[in-house]
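Notes follow the structure.
Numbering (my numbering), first residue to last: 49 to 798.
Encoded structure:
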């Protein structure tokens with residue numbers, strides 16, 4: 049009798065990452081780890097003003113310095129193009145202007161030249177020697193946002209203004225969040241090679257396919273002449289989704305000099321040249337009955353954008369469907385500043401938007417003298433009221449109830465400063481969180497090999513979230529092939545087109561493509577098993593067979609009665625059975641074939657401790673309950689939520705990019721002055737997944753978890769701050785000076 053192959057639980061099992069040994073051993077190669085013979089190093093020259101024009105650019109001294117091969121600028125870089133506008137994801141970028149397109153300076157740090165030399169030190173020294181003079185103007189740098197443009201209506205139903213005026217209980221407040229900068233440990237980097245016809249680009253990117261398309265357009269070559277490789281990424285938080293000017297400069301320099309060129313931007317450049325979460329301002333108006341039923345919700349938000357590009361943060365992403373109300377309006381507006389173009393940062397739109405909406409809900413609960421959890425439960429919708437569609441899966445009420453039980457919410461007393469423990473004043477807060485779900489278009493190939501191994505390939509990338517492991521689990525689940533016999537190949541634009549690693553959508557997008565590829569590959573094996581002299585199942589048809597536990601067997605019999613799939617290939621002298629699969633984009637909504645509203649939900653409960661004697665505020669505990677479909681692997685999923693919660697602590701208490709108003713320069717442009725949450729700031733974090741599959745999205749029912757853990761966290765924390773101190777902080781981050789010397793209920797920055 050054949051030996052049965054035992055496969056440990058894969059999908060749903062808390063398995064360690066298959067790429068872990070490569071990373072802990074230091075053998076995983078990130079973009080800047082690549083080195084090639086004759087490689088040169090590039091260092092950009094950045095503008096020292098935020099608005100004006102270049103009047104002179106003198107590179108003569110720099111060009112004479114040791115090791116310098118070239119100093120490229122507008123006059124000698126060669127023709128660079130703008131990428132064509134697109135309506136979808138592929139081919140997208142935030143800063144549309146190619147480097148050195150004109151002599152106009154629109155933000156501090158804008159690239160004006162790039163030095164290329166034999167060593168990094170030589171390039172850096174020569175960059176300092178480039179002399180630039182400017183005709184400077186006063187930049188637009190603001191802490192309070194204003195716009196002259198007419199507000200754009202994002203979502204609307206009913207008559208919210210009339211309902212608000214008539215409502216017996218009202219909240220009308222403004223909430224703001226500051227500019228935040230992505231600070232992954234890995235800096236943006238590229239190693240560019242040119243062979244006379246085609247580029248090979250080793251990039252720190254969250255989208256190798258998008259990078260290929262955009263770089264081809266900007267460099268003026270065919271897409272098939274650009275190959276982008278990003279096997280490992282030291283995180284990105286959204287900042288590495290799109291092409292930025294430094295990549296175009298490095299590739300152009302490699303082509304001009306016909307030598308490999310490495311460019312790694314500095315930490316200060318991370319604050320200037322590669323995007324940020326924009327400053328937001330939201331006026332939130334809530335109207336409710338005396339019993340706490342919402343009758344009106346209005347959210348009018350502004351965010352800043354650059355002089356060059358229109359970046360809308362999308363603060364109203366969750367507002368139209370989060371709570372039940374017959375009257376609603378969300379509007380957006382842009383304030384143009386002399387800063388670099390903003391970009392997506394973990395949970396774009398929903399994260400600042402939910403800070404505003406959920407803070408206002410807490411204020412409404414105070415006015416109603418109602419438990420803030422009860423208020424939210426009272427306004428749970430039965431469907432998505434923005435479009436009338438049913439939710440594919442929504443368990444927000446259960447998230448609140450499970451979270452309340454785990455947190456001990458029933459022990460909360462409503463009085464400000466009324467809860468004490470070990471000499472500390474406690475504050476408790478709660479907030480909802482939400483994030484859009486669905487899937488991007490994706491392709492994948494699966495190779496089932498005669499040596500008993502398998503390979504899955506897709507031009508997506510792993511941004512330290514566990515994608516390598518998840519895709520191996522999917523293939524193992526579909527076939528029964530053990531994980532240690534599966535190879536996952538990602539991060540190469542020459543592979544079948546995959547999605548960007550953004551929006552928490554990679555897993556849900558690639559699953560259907562892998563499933564289809566497995567079906568195609570196994571069909572080949574079924575044909576071999578039923579045809580020819582050496583057929584394992586003579587007289588049978590391919591439709592009579594199934595593939596499970598790494599064996600081909602008759603459908604009416606158990607898998608262990610079958611034949612190992614690789615033995616069928618060996619008998620037929622076939623090296624591998626290969627299959628390809630594709631998944632279509634799906635985001636639900638009225639235009640989708642399956643008409644559902646598709647989102648993930650969750651509840652955040654936060655505890656802060658306050659010591660007024662020494663003005664010490666800490667987030668001590670967070671309970672996070674997430675409804676994000678089936679959890680493919682609890683270990684990396686929990687890592688994602690825990691990391692997002694810590695990031696939420698940073699958002700609430702620490703992070704803010706500050707600009708010098710006269711020069712427009714970011715003044716805290718390093719990790720010493722830009723405060724991010726560290727291990728010392730991390731609270732106790734309790735994560736629970738409800739684990740309800742959402743089969744509308746894919747066959748496993750999986751949705752993403754990367755962003756949702758950050759949404760709502762800051763609002764839960766600031767609500768807890770109010771509960772402890774009586775101080776309502778409406779402008780992040782919370783500062784100690786907001787809290788000291790304030791009477792209970794005394795207000796505050798907005």
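We treat Cβ as the ideally placed atom computed from N, Cα and C, and that holds for glycine.
In the DSSP assignment, residue 779 falls outside any beta strand (DSSP E) and carries neither an H nor an E. By the beta-carbon neighbour count (other beta carbons within 10 angstroms, threshold 16), residue 746 is buried. For residue 100, the pairing in a beta bridge is given by DSSP as 153 and 184. The beta carbons of residue 592 and residue 603 sit about 6 Å from each other, so the pair counts as a contact at 8 Å. Taking the C-beta atoms as reference points, residue 298 is found no nearer than 8 Å to residue 161.
A straight line joining the alpha-carbon of residue 224 with that of residue 779 spans about 5 Å.
The shortest C-alpha to C-alpha distance from residue 398 to any of 389, 370 and 251 is the one to 370. A straight line joining the alpha-carbon of residue 716 with that of residue 194 spans about 24 Å.
Residue pairing by DSSP puts residue 349 in a beta bridge opposite 330 and 380.
In this structure, residue 612 lies near residue 598, with their beta-carbon atoms less than 8 Å apart. Taking residue 708 as the centre and dropping the five residues before and after it, the same chain places the C-beta of 715 closer than 6 Å to its C-beta, in chain order. Here DSSP, grouped into helix, strand and coil, assigns residue 58 to coil. Residue environment analysis places residue 129 among the exposed positions, since fewer than 16 neighbouring C-beta atoms fall within 10 angstroms of its C-beta. Proximity of the segment 748-766 to the segment 403-415 meets the contact definition, three or more beta-carbon pairs being nearer than 8 Å. Contact between the segment 681-696 and the segment 488-496 is absent: fewer than three C-beta pairs spanning the two stretches fall below 8 Å. Here the C-alpha atom of residue 148 lies approximately 27 Å from the C-alpha atom of residue 361. The beta carbons of residue 699 and residue 228 sit about 7 Å from each other, so the pair counts as a contact at 8 Å.
If only complete runs of 4 or more residues are kept, the segment 162-243 shows the alpha helix (DSSP H) at 168-177 and 208-214, in order along the chain. Sorting 534, 183 and 296 by C-alpha distance to the C-alpha of residue 95 places 183 at the top.
The secondary-structure analysis by DSSP pairs residue 501 with nothing; it has no beta-bridge partner. Burial is judged here by how many other beta carbons sit within 10 angstroms of a residue's own beta carbon; residue 347 has at least 16 and is buried.
Residue 705 and residue 504 have their C-alpha atoms spaced approximately 41 Å apart. Of the candidates 171, 153, 251 and 170, 153 places its Cα closest to the Cα of residue 712. Taking residue 510 as reference, the option from 558, 480 and 615 with the minimal CA-CA separation is 558. Annotation: the continuous beta strand (DSSP E) that includes residue 482 extends over 472-484. For the options 196, 280, 208 and 64, the alpha carbon positioned closest to that of residue 75 is the one of 280. DSSP assignment within the segment 664-689 yields the following whole beta strand (DSSP E) runs of 3 residues or more, N-terminal first: 664-675.
Counted as a single uninterrupted DSSP element, the stretch harbouring residue 410 is not any beta strand (DSSP E) but the alpha helix (DSSP H) occupying residues 398-416. Annotation for residue 101: 151, 152, 153, 182 and 183 place their beta carbon closer than 8 Å to its own, counting only its chain and skipping 5 residues before and after. By a beta-carbon distance limit of 8 Å, residue 143 contacts residue 356. Their separation comes to about 7 Å. The C-alpha of residue 423 is placed about 8 Å away from the C-alpha of residue 409. Annotation for residue 615: the continuous alpha helix (DSSP H) segment containing it runs 613-619. According to DSSP, residue pairing for residue 739 in a beta bridge does not occur. In the three-state DSSP reduction, residue 341 falls in the coil class, being neither helix nor strand.
Residue 218 sits away from residue 340, with the two beta carbons spaced by 8 Å or more. Where residue 566 is concerned, the enclosing alpha helix (DSSP H) starts and stops at 554-578.
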